[in-house]
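Presented below is the structure to which this report refers.
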Amino acid sequence: MTDSTGILEHAVFNVPNYPEGYSTDDNARALIVAILLEELGNGTPTDSLDPRFALFGFLVACVRSDK
């Protein structure tokens, strides 16, 4: 299950369990798959997407400011 932030780690059927939050490793794997699909020509074309910077940006967005 996804929303505008990423892939949620848990849900009960079609109801997201927001207190469980998002998993960095799940979202990183999803990003890798999206990049690979784009490279195969099966994903949404995004000519400006550089996989190295996209992954870096994703990881930076996952860093919590309170830690």
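All residue numbers for the sequence shown refer to the working numbering, where the first residue is -15 and numbers rise by one. Heads up, the beta-carbon is just placed ideally off N, CA and C, and yes, glycines get one too.
Residues of its chain near residue i, where Cβ-Cβ distance is below 7 Å and the 5 sequence neighbours each way are ignored
{"i": "E(-7)", "result": "E4, G5, Y6, S7, D10"}
Neighbourhood of residue i by C-beta distance below 6 Å, restricted to the same chain and skipping five residues each side
{"i": "P0", "result": "M(-15), L(-8)"}
{"i": "C46", "result": "T8"}
Residue i burial status per 10 Å Cβ neighbour count (16 or more: buried)
{"i": "G(-10)", "result": "buried"}
Simplified DSSP state of residue i, which is helix, strand or coil
{"i": "V44", "result": "helix"}
{"i": "T(-14)", "result": "strand"}
Alpha helix (DSSP H) segment containing residue i, residue limits
{"i": "L(-8)", "result": "Careful: L(-8) lies outside any alpha helix (DSSP H) and carries neither H nor E."}
{"i": "E22", "result": "8 to 24"}
Sequence-distant residues of its chain with Cβ nearer than 8 Å to residue i (five each side left out)
{"i": "D(-13)", "result": "P0"}
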